[in-house]
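Novice: Counting with mature numbering (1 follows the signal peptide of the UniProt record, and there is no 0), you get residues -29 to -1, 1 to 306 for the letters of the sequence shown. Sharing a structure below in structure tokens format, with a few things to ask.
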Amino acid sequence: MRAFVSRIAFLFAAVIATALLAGSGAAQAATKLKAVLLVEAIANDGSFNQAAVNALKKLAAAGEIEYEVREKLADPTAAEPVIRLYASRGYDLIIGHGIGLSAPILKVAKDFPKTHFTASAGPDLADRLQPNVDGWTYDFGQYGYLGGWLAGQIAGVDTVGVVGGPQLPFILATHAGFKAGLASVKPKAKTVEVFTGSFDDAQKGLEATRSVAAQGAQLVWTSGDGIGNGVAAGANAVGLRTIGVSGDAGGLAAKVNIASVELNLVPLYTDWLNQVREGKFGHQFTTVQLSNNGLVLTPLNHLGEGIPADLEKAQAKLVEDLKSGALTLPNFFTN
């Protein structure tokens, strides 16, 4: 009798354990959120949009989310119905990635108060957020300053070509940061600056690089985005090195690019997912920077002459000083 009771108890315990495991699995499945990433150009630009895709891939691999990507939404009037479509389908998180998407995101969010949206733009976005919208920007000053400081470390470089996209306030702030970083090492260094007017036109990036080279640039820095692929191609064609080309650039980055500052959006996206799960999402603004590991320096690519042997050590010290606040930078939006 005791043996029979023991067997029944064992079977009952097994059933309960199986049910608990099944319930745990269901809970885990329930917490896998559904997200969509909306970008203005192509997703695999090797730069700004690629950073978002890379973050989502890592989170999906960890079982945190399922996601889709919609591309070529630079026109706000075309983007709005797409945003409405995903909001009506019950997506947990709609990520508007790019300054041009901020206005339609904020507009549509008012009509879907239970859906979570995110937008990106400059620091001014913080004052325009809504109860169901989080926003972010990155530290343009740090981004540019690090590139300028690095350019200043390269011996024999006295004129640096500077290639940017549209002359928007945050692009200008990034370039101001670059010039400050360069001047901190080489006060007499010169810059030759060209704006392409486009975030993602690689051909314009190539032409701008040829232009600064013709004006005497000995090194080229780009403030990034899809034009970086063209900058890499142009630099390769004229025999110059670069700083700031992100991603592979069609295999050319390894040939011409010394280093870059890149976006790591995994911490930011993880925070958004946690906010959604905990019911704390909305009206929160984040500045991605070195201190929260949102900005990261790529390993140095020791190309050509003039790169100091101890550059990694000096670079690590600069990063630590910026993280800790031992070195503070001015507001490059007004200086």
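Ideal Cβ positions, reconstructed from N, Cα and C, are used throughout, including at glycine.
Taking C-beta to C-beta, are residue 304 and residue 196 nearer than 8 Å?
Specialist: No, Cβ-Cβ distance for residue 304 and residue 196 is not below 8 Å.
Novice: Which residue from 191, 77, 215, 79 puts its Cα closest to that of residue 206?
Specialist: 191
Novice: So which of 23, 134, 27, 294 has the shortest CA-CA distance to residue 199?
Specialist: 134
Novice: Taking all protein chains shown into account, decide if residue 271 is buried (16 or more other Cβ within 10 angstroms of its Cβ) or exposed.
Specialist: exposed
Novice: Could you check the C-alpha separation between residue 176 and residue 24 for me, to the nearest Å?
Specialist: 23 Å
Novice: Would you give the residue range spanned by the beta strand (DSSP E) that residue 233 belongs to?
Specialist: 232 to 234
Novice: What are the start and end residues of the beta strand (DSSP E) that includes residue 66?
Specialist: 64 to 68
Novice: Between residue 164 and residue 132, what straight-line distance do the alpha-carbon atoms span, to the nearest angstrom?
Specialist: 6 Å
Novice: Is the beta carbon of residue 6 sitting closer than 8 Å to the one on residue 54?
Specialist: no
Novice: Note down, one range per segment and in chain order, each beta strand (DSSP E) of at least 3 residues found wholly within the stretch 79 to 152.
Specialist: 87 to 91, 104 to 109, 130 to 135
Novice: Using DSSP bridges, identify the partner residues of residue 162.
Specialist: Here residue 162 is bridged, per DSSP, to 131.
Novice: Residues in its own chain within less than 6 Å of residue 260 by CB, not counting five upstream and five downstream?
Specialist: 110, 113, 266
Novice: Here's the rule: buried if 16 or more other CB atoms are within 10 angstroms of the residue's CB, otherwise exposed. What is residue 264?
Specialist: exposed
Novice: Can the beta-carbon of residue 127 be found less than 8 Å from the beta-carbon of residue 152?
Specialist: no
Novice: Compute the Euclidean distance between the alpha carbons of residue 11 and residue 41, then round it to the nearest angstrom.
Specialist: 9 Å
Novice: Just to confirm the assignment, what range does the beta strand (DSSP E) spanning residue 256 have?
Specialist: 256 to 259
Novice: Residue 232 and residue 117 - do their beta-carbons sit closer together than 8 Å?
Specialist: yes
Novice: Anyone know if the C-beta pair for residue 125 and residue 277 falls short of 8 Å?
Specialist: yes
Novice: What is the residue span of the beta strand (DSSP E) that residue 41 lies within?
Specialist: 36 to 41
Novice: DSSP three-state call for residue 25: helix, strand or coil?
Specialist: helix
Novice: Grouping DSSP H, G and I as helix and E and B as strand, with all else coil, what is residue 237?
Specialist: Look at residue 237 here: in three-state DSSP terms it is helix.
Novice: DSSP three-state label for residue 302, please.
Specialist: coil
Novice: Assuming residue 106 and residue 256 form a contact by the criterion Cβ under 8 Å, report the distance between their Cβ atoms to the nearest whole angstrom.
Specialist: 5 Å
Novice: Which residues does DSSP list as the beta-bridge partners of residue 192?
Specialist: 133, 214
Novice: What does the alpha-carbon distance come out to for the pair residue 251 and residue 244?
Specialist: 10 Å
Novice: Quick check: residue 83 and residue 58, are their CB atoms within less than 8 Å of each other?
Specialist: Closer than 8 Å, so yes.
Novice: Find out if the Cβ-Cβ distance for the pair residue 223, residue 188 is shorter than 8 Å.
Specialist: Remark: C-beta atoms of residue 223 and residue 188 do not approach each other more closely than 8 Å.
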